[in-house]
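Beneath this line is the structure, given in structure tokens, with notes to follow.
In our numbering, the protein residues as written are 168 to 526.
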């Protein structure tokens, strides 16, 4: 099953629903290599006039350009909009010459950056294979940046209780207490997949997604009602939703995507404030679902140190940054070397807080 966020259906739905486009500051400029009438490689590319919705933060870079009288925007971005989920960033045809096609796509992206006057080109959250593929091109201005997320790994657990059994007693009791308090509030919770999620639930989910963004940032969120309305049909069995009902009426939900190896927790929303309901829908139901499907990993999204105590391991994430201005490229390279040492140290210290039994 393909990585969901690089599927044509997902990217097209973002654009067709109006969630992505010039009005949102994500102007599609995708690159493709077509030979013999068949697509050999495709790379999503957006011309950006801001840095919102990316989860790799470069506001300080933009400020440095401004202070030197230079524009940071526009910039070019290879990423999945609003989706900090590690995965492939180039879609290859079966049997394609990946190194050769990667070199051609990189050359095209850099040429477009120069033609458009972009300050640079950024590739966010590539997986390990494609990170190595891109770095093998050996462009000295393609700079690696390292970050941290928290992912849950399936160590062959038979069920949720088996996962809990691997935790230290105090943390195991904490999770059981949190789940018990959710049940005591009278919620009925179910996990629905694909076409089992009806139009009314998608409309509900858009409302609570909208509410979450208003509360968090004062904005409405990028994703439109049309995006959610089309998601079940477009993505089929790769979409799931954990829904909490009270008195038969939905009050909260969390949205998931999946492929053959990984569960991706993406968005959530709730009509009110309820103790531990966010943890239940966004983490514990996801772990339970990943175990039931035999998936290897659960990527619950960016940030969130509270995930560590619930069994999510700190892992390295990466991005690549091609900087057009030579002097700024040197300055960014120095900054990234210093930042990486601090990020690596943070990840090591965070791992010491994991709740698993010793040994």
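Beta carbons are placed, not taken as given, at the ideal position from N, Cα and C, and that holds for glycine.
Nearest-angstrom Cα distance between residue i and residue j?
| i | j | result |
| --- | --- | --- |
| residue 296 | residue 350 | 42 Å |
| residue 449 | residue 477 | 12 Å |
| residue 484 | residue 174 | 21 Å |
| residue 459 | residue 230 | 47 Å |
| residue 436 | residue 220 | 18 Å |
| residue 322 | residue 521 | 15 Å |
| residue 388 | residue 191 | 10 Å |
| residue 505 | residue 513 | 13 Å |
| residue 293 | residue 324 | 28 Å |
| residue 288 | residue 280 | 7 Å |
| residue 453 | residue 203 | 43 Å |
| residue 237 | residue 493 | 13 Å |
| residue 397 | residue 369 | 9 Å |
| residue 331 | residue 472 | 19 Å |
| residue 511 | residue 337 | 28 Å |
| residue 284 | residue 328 | 55 Å |
| residue 440 | residue 312 | 37 Å |
| residue 434 | residue 251 | 12 Å |
| residue 366 | residue 382 | 25 Å |
| residue 415 | residue 340 | 29 Å |
| residue 411 | residue 462 | 23 Å |
| residue 451 | residue 194 | 37 Å |
| residue 377 | residue 185 | 15 Å |
| residue 470 | residue 282 | 35 Å |
| residue 563 | residue 456 | Coverage of the chain is limited to positions 168 through 526, which leaves residue 563 absent and any answer about it impossible. |
| residue 306 | residue 320 | 34 Å |
| residue 516 | residue 333 | 21 Å |
| residue 210 | residue 509 | 31 Å |
| residue 235 | residue 253 | 33 Å |
Residues in the same chain with beta-carbon distance under 8 Å from residue i, minus the five sequence neighbours each way, listed in chain order, please.
| i | result |
| --- | --- |
| residue 310 | 487, 488, 489, 490, 496, 499, 500 and 503 |
| residue 268 | 200, 207, 208, 257 and 259 |
| residue 426 | 168, 169, 170, 171 and 405 |
| residue 519 | none |
| residue 302 | 309, 311 and 487 |
| residue 400 | 362 |
| residue 255 | 170, 173, 293, 294, 296 and 297 |
Taking residue i and residue j to be in contact with their CB atoms under 8 Å, please state how far apart those CB atoms are, rounded to whole angstroms.
| i | j | result |
| --- | --- | --- |
| residue 259 | residue 208 | 5 Å |
| residue 212 | residue 197 | 5 Å |
| residue 523 | residue 227 | So it is not a contact: roughly 36 Å between Cβ atoms. |
| residue 352 | residue 442 | 7 Å |
| residue 464 | residue 429 | 5 Å |
| residue 343 | residue 300 | That pair is no contact at about 44 Å. |
Residues in the same chain with beta-carbon distance under 6 Å from residue i, minus the five sequence neighbours each way, listed in chain order, please.
| i | result |
| --- | --- |
| residue 446 | 345 |
| residue 298 | 485 |
| residue 314 | 484 |
| residue 363 | none |
| residue 371 | 417 |
| residue 223 | 291 and 486 |
| residue 432 | 423, 449, 453, 467 and 468 |
| residue 304 | 270 and 273 |
| residue 239 | 229, 232 and 286 |
| residue 348 | 442 and 443 |
| residue 217 | 192 |
| residue 507 | 313 |
For residue i, which residues in the same chain have their Cβ closer than 7 Å to its Cβ, ignoring the five residues on either side in sequence?
| i | result |
| --- | --- |
| residue 375 | 419, 420, 436, 437 and 438 |
| residue 181 | 187, 248 and 394 |
| residue 308 | 489, 490 and 496 |
| residue 403 | 361 |
| residue 318 | 464, 465, 466, 479, 480 and 482 |
| residue 225 | 218 |
| residue 355 | 412 |
| residue 205 | 260 |
| residue 263 | 207 and 208 |
| residue 373 | 392 and 395 |
Using a Cβ distance threshold of 8 Å, determine whether the segment 397 to 413 contacts the segment 355 to 367, with at least three qualifying pairs required.
Three or more Cβ pairs drawn from the segment 397 to 413 and the segment 355 to 367 lie within less than 8 Å of each other, which places the two stretches in contact.
Unbroken stretches of the alpha helix (DSSP H), 4 residues or longer, contained in the segment 461 to 522:
You should have 493 to 518.
The segment 391 to 399 touching the segment 410 to 421, judged by at least three CB pairs closer than 8 Å
Cβ pair count under 8 Å is below three, so no.
Do three or more CB pairs link the segment 275 to 283 to the segment 235 to 243 at distances below 8 Å?
Between the segment 275 to 283 and the segment 235 to 243 there are three or more C-beta pairs closer than 8 Å, enough to call the two in contact.
Go through the segment 175 to 238 residue by residue and report every complete run of the alpha helix (DSSP H) that reaches 4 residues or more, in order.
The alpha helix (DSSP H) runs of length 4 or more contained entirely in the segment 175 to 238 are, from start to end of the chain, 175 to 183 and 226 to 234.
Write down every uninterrupted run of the beta strand (DSSP E) in the segment 365 to 450 whose length is 3 residues or greater and which is fully enclosed by it, in chain order.
Listed in chain order, the complete beta strand (DSSP E) runs (minimum 3 residues) inside the segment 365 to 450 are 406 to 413, 416 to 425 and 429 to 437.
Would you list, in sequence order, the uninterrupted alpha helix (DSSP H) runs of no fewer than 4 residues that lie entirely inside the segment 234 to 286?
Runs found: 265 to 283.
Please list the segments of the beta strand (DSSP E) lying wholly inside the segment 284 to 337, counting only runs of 3 or more residues, in order along the chain.
Complete beta strand (DSSP E) runs here, min 3: 287 to 291 and 309 to 320.
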